[in-house]
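J.:
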Ligand SMILES: N[C@@H](CCC(=O)N[C@@H](CS)C(=O)NCC(=O)O)C(=O)O
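In this note's numbering, the protein residues as written are 6 to 219.
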């Protein structure tokens, strides 16, 4: 199966990171093409790939699948064990993944993914409230399972929360000891580190994102 994943910039594109991690964990060989975000003509390029006009987009035998969750579900159909085996955990993992896919809007807006950034400047209360809700969710799931991840073994849910974990590190957001260990686990992941290494050498800079909380 020939697969090509179109992604945004490594440093900034949180939605691209999620299915990229899933493809890596699925051990499905794939090619990657980076589309620089926020440069003249970038939207036309995205619209030439999909009607959504966003990345990520996965090309499978000439067909293009947009959306991080759709791509992750495609991988889960092709390869077992990307969702928890136990049916109750699988349903819960899908629920919390959807929660990340649709929610935590203030955290996403006020603390955008920026892997190169480390700052302890204050963020708005609404962003802190989202961060606190996320920590509560992580703590609850981690306390119910024995493993390092939300549902014991790594799952698509962990892929969806990895970009959020990087925001806690970038913006020095408050967290409990248990959530801090989880964040460290996600950031120590070998595949994540490969992605992060690309972000550190990437030349493209989005000034607007870099200006947030300087
Ligand atoms: N719901 C989509 C969101 C994708 C998304 O917003 N991607 C951003 C990059 S991280 C993008 O393409 N932004 C360009 C734009 O919206 O013009 C998904 O899950 O893939």
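Every residue, glycine too, gets a C-beta built ideally from N, C-alpha and C.
Note that the coordinates shown come from a computational prediction; the quantities given were computed from them, not determined experimentally.
How many Å lie between residue 183 and residue 147 at the Cα?
T.: Taking the first residue of the chain shown as position 1, residue 183 is located at position 178. Taking the first residue of the chain shown as position 1, residue 147 is located at position 142. Answer to the nearest angstrom: the Cα atoms are 8 angstroms apart.
J.: Quick check: residue 170 and residue 188, are their CB atoms within less than 8 angstroms of each other?
T.: Counting from one through the chain shown, the residue named residue 170 turns up at place 165. Counting from one through the chain shown, the residue named residue 188 turns up at place 183. Yes, Cβ-Cβ distance for residue 170 and residue 188 is below 8 angstroms.
J.: Can you tell me whether residue 60 sits near ligand 1, meaning its C-beta is under 7 angstroms from at least one heavy atom of the ligand?
T.: If you number the chain shown from 1, residue 60 lands on position 55. Ligand 1 approaches residue 60 closely enough that one of its heavy atoms is under 7 angstroms from the residue's Cβ.
J.: Alpha carbon to alpha carbon, what distance is there between residue 195 and residue 153?
T.: Along the chain shown, read from residue 1 onward, the residue named residue 153 stands at position 148. Along the chain shown, read from residue 1 onward, the residue named residue 195 stands at position 190. Roughly 15 angstroms between the two C-alpha positions.
J.: Buried or exposed: which applies to residue 6, given that a residue is buried once 16 or more other Cβ atoms fall within 10 Å of its Cβ?
T.: By one-based count along the chain shown, residue 6 stands at place 1. That one is exposed.
J.: With 16 as the cutoff for other CB atoms within 10 Å, does residue 67 come out buried or exposed?
T.: Counting from 1 along the chain shown, the entry for residue 67 is found at position 62. It counts as exposed.
J.: Just to confirm the assignment, what range does the beta strand (DSSP E) spanning residue 62 have?
T.: Translated into positions along the chain shown, residue 62 becomes position 57. Looking at the DSSP string, the run of the beta strand (DSSP E) that includes residue 62 is 62 to 65.
J.: Check for me: the beta strand (DSSP E) holding residue 37 runs from which residue to which?
T.: Residue 37 sits at position 32 when you count from the first residue of the chain shown. Looking at the DSSP string, the run of the beta strand (DSSP E) that includes residue 37 is 36 to 39.
J.: In the DSSP assignment, find the alpha helix (DSSP H) that holds residue 190 and state where it starts and stops.
T.: To locate residue 190, count along the chain shown from 1; it is residue 185. Run containing residue 190: 182 to 193, per the alpha helix (DSSP H) assignment.
J.: Here's a check: name, in chain order, each residue in its chain whose Cβ is nearer than 6 angstroms to the Cβ of residue 204, leaving out the five neighbours to either side.
T.: Residue 204 sits at position 199 when you count from the first residue of the chain shown. 15, 16, 120, listed in sequence order.
J.: Tell me which residues share the same chain as residue 23 and place their Cβ nearer than 6 angstroms to its Cβ, disregarding the 5 neighbours each side in the sequence.
T.: In the chain shown, residue 23 corresponds to position 18, counting from 1. Cβ within range, chain order: 73, 164, 165.
J.: Please indicate yes or no: does the CB of residue 135 lie closer than 7 angstroms to some heavy atom of ligand 1?
T.: What you label residue 135 is simply residue 130 of the chain shown in a count that begins at 1. No - ligand 1 has no heavy atom lying nearer than 7 angstroms to the Cβ of residue 135.
J.: Measuring CA to CA, which of 25, 20, 29, 212 is closest to residue 122?
T.: What you label residue 122 is simply residue 117 of the chain shown in a count that begins at 1. Residue 122 has its Cα closest to that of 212, out of 25, 20, 29, 212.
J.: Report the rounded CA-to-CA distance for residue 178 versus residue 135, giving the unit in angstroms.
T.: Here residue 178 is taken as the residue at index 173 of the chain shown, counted from 1. Here residue 135 is taken as the residue at index 130 of the chain shown, counted from 1. Cα to Cα, residue 178 sits roughly 10 angstroms from residue 135.
J.: Which two residues bound the contiguous alpha helix (DSSP H) that contains residue 168?
T.: For the purposes of this step, residue 168 is taken as the residue at position 163 of the chain shown. Bounds of the alpha helix (DSSP H) holding residue 168 are 161 to 175.
J.: According to the neighbour-count rule (16 or more other Cβ atoms, all chains shown, within 10 Å of its Cβ), is residue 82 buried or exposed?
T.: Along the chain shown, read from residue 1 onward, the residue named residue 82 stands at position 77. Residue 82 should be labelled exposed.
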